[in-house]
Amino acid sequence: MASAATGDLPTAGPLASAAGAGVAADDSDVADLIVAHGSPRLPYSRLADWAGYADHVVAATASQETGDTPDEEDIAAGEGYIGRSVRLTVNKTFWSRTSADGWTPAPPTSFPLNVVGWQFTGETRTELVVEGAPRVEAGHTYLIPIAHEADGTWAPIAAQAILPYDRGVIGRGEAKGVVPGEETPAQLALQSKDETALAATLASARPDPLVAQYASLDPDARWEKVAAELAALDPTPEEDTADHGEDEINVDPWNGAEDNVEENPEDVGD
Numbered sequence: 001m002a003s004a005a006t007g008d009l010p011t012a013g014p015l016a017s018a019a020g021a022g023v024a025a026d027d028s029d030v031a032d033l034i035v036a037h038g039s040p041r042l043p044y045s046r047l048a049d050w051a052g053y054a055d056h057v058v059a060a061t062a063s064q065e066t067g068d069t070p071d072e073e074d075i076a077a078g079e080g081y082i083g084r085s086v087r088l089t090v091n092k093t094f095w096s097r098t099s100a101d102g103w104t105p106a107p108p109t110s111f112p113l114n115v116v117g118w119q120f121t122g123e124t125r126t127e128l129v130v131e132g133a134p135r136v137e138a139g140h141t142y143l144i145p146i147a148h149e150a151d152g153t154w155a156p157i158a159a160q161a162i163l164p165y166d167r168g169v170i171g172r173g174e175a176k177g178v179v180p181g182e183e184t185p186a187q188l189a190l191q192s193k194d195e196t197a198l199a200a201t202l203a204s205a206r207p208d209p210l211v212a213q214y215a216s217l218d219p220d221a222r223w224e225k226v227a228a229e230l231a232a233l234d235p236t237p238e239e240d241t242a243d244h245g246e247d248e249i250n251v252d253p254w255n256g257a258e259d260n261v262e263e264n265p266e267d268v269g270d
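If you read the sequence shown in full-length UniProt numbering, its first letter stands for residue 1, the second for the next number, and so on.
Have a look at this one:
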């Protein structure tokens, strides 16, 4: 039985829906998972978001999976988090952004990516997954809207924007955090399309005007400006600062996030 988890994960990479973590047809032998949820770092659900925040949309295959060494404190405690990284090799670029000044960084041939790893207790490791996102595992291919970051690295605009893409079919392949029936509008617009139709659909996408005016900024700074304007139009209700009992664990998935995960009491002892 997959253990469920709830709680807020930070902007750089949220973890996924609880009891019914999605499993693709190609992945029938899946071990227990810890699933959590949180907020993506950038908007991602519509093709307008892809056009507004990504520099390229690529098909890329994961390889060279590596597990990190846990912190000494976690080792001493006998429990904690193990990070993980993969290398993504770009097989095809389906779309590239045309910037206001006519310059867009060339797509990479490959790039490293920090992804969610495992939580361990003693000698037992349990996989973590991101809500609405594949786990990204070696040997599988994904369709990914990627952005060139301020520090020069490449990363998906959001973990949940990554789509399984084995053998050129959207939705086929590793999809351990994907929840069936909760496809984004972007996925629905692209699925069942061959390469030519997929590229044409991406080419027709346009960013929201509010996003487009900040196209010269890096994606995080772009979203910060957009979010500030949206907040000014629709002020957020006063924040609830009460302690609701979240148990914190330090997890660093998706390029540098600290995640709060609360275990589901019903799963204790499974």
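Using N, Cα and C, we set each Cβ at its ideal position, and we do this for glycine too.
Query: Close-in-space but distant-in-sequence residues of the same chain around Asp-208 (CB under 7 Å, 5 per side omitted); Result: Ala-48, Gly-52
Query: Where Val-226 sits in the DSSP three-state scheme; Result: helix
Query: Whether Gln-160 touches Ala-189 by CB criterion (7 Å); Result: no
Query: CA-to-CA distance, Thr-121 to His-148, given in whole angstroms; Result: 36 Å
Query: Buried versus exposed, by CB contacts within 10 Å (16 or more), Ala-231; Result: exposed
Query: Stretch-stretch touch, CB-based, cutoff 8 Å, three pairs: the region 214-224 with the region 170-177; Result: no
Query: Assigned exposure category for Gln-187 - 16 Cβ within 10 Å defines buried; Result: buried
Query: Contact check, Ser-45 vs Thr-184, beta carbons under 7 Å; Result: yes
Query: Segment limits, alpha helix (DSSP H) that includes Gly-52; Result: 47-53
Query: Given Pro-105 as reference, the closest of Gly-171, His-56, Ser-192, Asp-194 once Cα atoms are compared; Result: His-56
Query: Ser-99 versus Leu-198 - alpha carbon distance; Result: 21 Å
Query: Chain-order list of residues whose beta-carbon lies under 8 Å from that of Glu-229 (same chain, five-residue window excluded); Result: Leu-210
Query: From Glu-131, Leu-88, Thr-201, residue whose alpha carbon lies closest to that of Trp-154; Result: Leu-88
Query: DSSP state of Pro-156 mapped onto helix, strand, coil; Result: strand
Query: Ordered list of beta strand (DSSP E) runs contained in the region 147-214, each at least 3 residues; Result: 154-156
Query: Local Cβ density within 10 Å of Thr-141, reported as buried at 16 or more and exposed below that; Result: buried
Query: Glu-73 classed as buried or exposed, judged by whether at least 16 other C-beta atoms fall within 10 angstroms; Result: exposed
Query: Where the alpha helix (DSSP H) containing Ala-62 begins and where it ends; Result: Segment 56-67 is the beta strand (DSSP E) holding Ala-62; no alpha helix (DSSP H) there.
Query: Separation of Glu-79 from Ile-146, as counted between CA atoms; Result: 33 Å
Query: Asp-218 to Pro-164 span [Cα, whole Å]; Result: 26 Å
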